[in-house]
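Everything below concerns the one structure shown next.
Residue numbers (our numbering): 107 to 238.
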């Protein structure tokens, strides 16, 4: 089954049989929430809609975004990401991974952010087989 793998340099730390997910985080300086909806495809993680609750330093509202329900909604036109690389540090807090509208910190699957492991990669993979 196609799903989501998490780890670094191709080494799988965790895998989830999720066909889609939302990645969410709070900007460390502006304290504004971002959310990005991804679909897991054989080519990689395809970013669909994204939402941001405001603007600030390094957080410009993208062209074509629409304000709905207190957040700016916009569509991405990026090719599939394989892998999606995330920076994680103890000082910045953690990302949230939301599946079926239930959000949990990424640390629930891969441990808390650590200074000696400042990155995490997400990619599409066959889950349940140990393949990455």
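Ideal Cβ positions, reconstructed from N, Cα and C, are used throughout, including at glycine. Only a predicted model underlies this, so the values are computations on that prediction, with no experimental measurement involved.
Cutoff 6 Å; reference residue 131; Cβ partners in own chain excluding five residues on either side: For the purposes of this step, residue 131 is taken as the residue at position 25 of the chain shown. Hits under 6 Å: 140, 201.
Rounded C-alpha distance that separates residue 107 from residue 149: Indexing the chain shown from 1 puts residue 107 at position 1. Indexing the chain shown from 1 puts residue 149 at position 43. So the two alpha carbons sit approximately 14 Å from each other.
Does DSSP put residue 136 in a helix, a strand or coil? Here residue 136 refers to the residue found at position 30 when the chain shown is read from its first residue. Coil, per DSSP.
Which residues mark the beginning and the end of the alpha helix (DSSP H) in which residue 160 is found? Against the chain shown, residue 160 aligns to sequence position 54. Counting along the chain, residue 160 falls outside any alpha helix (DSSP H), and DSSP gives it neither H nor E.
At which residues does the beta strand (DSSP E) containing residue 109 begin and terminate? To locate residue 109, count along the chain shown from 1; it is residue 3. 108-114 is the span of the beta strand (DSSP E), which, as asked, contains residue 109.
Using 8 Å as the threshold, is the segment 211-227 in touch with the segment 174-183, meaning 3 or more CB pairs across them? no
Taking just the CA atoms, how far does residue 142 sit from residue 174? As a first step, residue 174 is located in the chain shown; it is residue number 68 there, counting from the start. As a first step, residue 142 is located in the chain shown; it is residue number 36 there, counting from the start. Answer to the nearest angstrom: the Cα atoms are 15 Å apart.
With a threshold of 16 other CB atoms inside 10 Å of the CB of residue 123, please say whether the residue is buried or exposed. Taking the chain shown and counting its residues from 1, the one referred to as residue 123 is at position 17. The residue is exposed, with fewer than 16 neighbouring Cβ atoms inside 10 Å.
For residue 187, collect the residues of the same chain with a Cβ closer than 6 Å to its Cβ; drop the 5 residues on either side in sequence, then sort them by chain order. Indexing the chain shown from 1 puts residue 187 at position 81. Answer for residue 187: 150, 151, listed in chain order.
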